[in-house]
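Note sheet for the following structure.
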Amino acid sequence: MALSEEDIDYLFRFVGYGDPKSRLWFVGIEEGQQGGPDAVKPPARSSHENVERDGPELHHDPTLPSGESNRVWAMCRGIAQACGIPSYFMSNIAPVARRNIRVILPGGLDSRAYRQRVQNERVPLLGKLLREQQDRVAVFHGKAGWRTHGVIGQLCDEEEVESLDGAPGVLVCHPRRILLANTFAYGRRWISESDQRAIEHQVDAWLAGSRSGAR
Numbered sequence: 001m002a003l004s005e006e007d008i009d010y011l012f013r014f015v016g017y018g019d020p021k022s023r024l025w026f027v028g029i030e031e032g033q034q035g036g037p038d039a040v041k042p043p044a045r046s047s048h049e050n051v052e053r054d055g056p057e058l059h060h061d062p063t064l065p066s067g068e069s070n071r072v073w074a075m076c077r078g079i080a081q082a083c084g085i086p087s088y089f090m091s092n093i094a095p096v097a098r099r100n101i102r103v104i105l106p107g108g109l110d111s112r113a114y115r116q117r118v119q120n121e122r123v124p125l126l127g128k129l130l131r132e133q134q135d136r137v138a139v140f141h142g143k144a145g146w147r148t149h150g151v152i153g154q155l156c157d158e159e160e161v162e163s164l165d166g167a168p169g170v171l172v173c174h175p176r177r178i179l180l181a182n183t184f185a186y187g188r189r190w191i192s193e194s195d196q197r198a199i200e201h202q203v204d205a206w207l208a209g210s211r212s213g214a215r
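Just so you know, the UniProt record's numbering puts 79 at position 79 of the sequence shown, and the rest follows in order with no gaps.
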């Protein structure tokens with residue numbers, strides 16, 4: 001089933017899975033997609049069919065993925081469990097599941113126009129939601145592009161970002177309690193086990209309100 005312009009608008013208002021009031025958020029670059037030959041497909045989670053789409057309000061699916069069939073979901077669950085967090089939320093920066101970046105989306109959105117909409121609409125929305133709870137921690141994960149998408153610049157000031165201790169492949173913004181990691185999926189740039197342990201340590205420190213979290 002091809003996506004319409006209304007579907008694209010809905011996906012920009014769909015913020016993720018789980019409890020959005022959770023203290024721990026995971027934010028990927030782009031949601032995975034279902035199989036098939038189409039360049040643009042509905043997201044991998046079929047539960048979108050059960051989400052009420054009417055109106056301009058935001059939407060989410062309260063049910064978290066099990067993590068059994070997807071490495072990204074499993075990594076999120078593993079980090080949360082290691083930190084003793086039973087409830088977490090999973091979101092994304094670019095809400096449309098594209099097969100490649102050259103796809104022209106409904107409404108004539110090419111890659112540049114889509115990225116601009118993400119920067120102008122999606123990233124500020126995520127920033128607003130993350131700030132609604134003062135002690136919230138966010139772990140962003142993906143194949144970099146943090147400056148391209150506006151995460152560094154809008155959610156974190158450039159001078160606030162540094163390498164995480166013990167994990168040079170992970171960036172940290174202590175004032176905003178944000179971590180920027182490599183992709184949780186398989187691939188050349190997927191997160192290392194040592195980076196994962198360092199992320200768990202920092203998340204645990206922030207959530208526990210330790211000296212590390214007060215930096």
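All C-beta atoms in this analysis are idealised placements derived from N, C-alpha and C, irrespective of residue type, glycine included. What you are looking at is a predicted structure, and each value in this text was computed from that prediction instead of being measured.
N-terminal and C-terminal residue of the alpha helix (DSSP H) that Cys76 is part of: Position 76 of the sequence shown holds residue 76. Cys76 -> alpha helix (DSSP H) spans 71 to 82.
Would Val103 pass as a contact of Ser111 if the rule is Cβ separation under 9 Å? Residue numbering aside, residue 103 sits at position 103 when the sequence shown is read from its first letter. Residue numbering aside, residue 111 sits at position 111 when the sequence shown is read from its first letter. Taking 9 Å as the Cβ cut-off, Val103 and Ser111 qualify as a contacting pair.
For Val118, which residues in the same chain have their Cβ closer than 7 Å to its Cβ, ignoring the five residues on either side in sequence? Here residue 118 corresponds to residue number 118 of the sequence shown, with the count starting at 1. Ile93, Ala94, His149, listed in sequence order.
Write down the C-beta distance between Leu207 and Leu24 rounded to the nearest angstrom, noting that I regard them as a contact closer than 8 Å. To locate residue 207, count along the sequence shown from 1; it is residue 207. To locate residue 24, count along the sequence shown from 1; it is residue 24. Indeed, because the Cβ distance is near 7 Å, the residues count as touching under 8 Å.
Spell out the partners DSSP gives Leu24 in its beta bridges. Along the sequence shown, read from residue 1 onward, the residue named residue 24 stands at position 24. Val137, per the DSSP bridge assignment.
Which runs of the beta strand (DSSP E) fall wholly inside the region 82 to 130 and span at least 3 residues, in chain order? 89 to 94
Where Gly31 falls: helix, strand or coil (DSSP): Along the sequence shown, read from residue 1 onward, the residue named residue 31 stands at position 31. Checking the sequence, you will find Glu at residue 31 rather than Gly. Coil, per DSSP.
Which two residues bound the contiguous beta strand (DSSP E) that contains Ser192? Here residue 192 refers to the residue found at position 192 of the sequence shown. Taken as a continuous stretch (DSSP letters only), Ser192 belongs to no beta strand (DSSP E), as it is neither H nor E.
Rounded C-alpha distance that separates Val15 from Phe89: Counted from its first residue, the sequence shown places residue 15 at position 15. Counted from its first residue, the sequence shown places residue 89 at position 89. If you take the alpha carbons of Val15 and Phe89, they lie about 9 Å apart.
Rounding to the nearest angstrom, what Cα-Cα distance links Ala74 and Arg131 in this structure? In the sequence shown, the residue the question calls residue 74 occupies position 74. In the sequence shown, the residue the question calls residue 131 occupies position 131. Approximately 26 Å, taken between the alpha carbons.
Who are the near neighbours of Phe26 in its chain, counting only those whose CB is closer than 6 Å to its CB and skipping five residues on each side? Along the sequence shown, one-based indexing puts residue 26 at 26. Counting only Cβ-Cβ distances below 6 Å, and skipping sequence neighbours, we find Cys76, Met90, Val139.
Where do the ends of the beta strand (DSSP E) carrying Leu58 lie? Position 58 of the sequence shown holds residue 58. It is not in any beta strand (DSSP E) - Leu58 carries neither H nor E in the DSSP assignment.
Mind reading off the beta-carbon distance from Gly145 to Ile29? Whole number of angstroms is fine, and I expect it under 8 Å. The residue given as residue 145 occupies position 145 in the sequence shown. The residue given as residue 29 occupies position 29 in the sequence shown. With 8 Å as the limit, Gly145 and Ile29 qualify as a contact, their Cβ atoms being about 6 Å apart.
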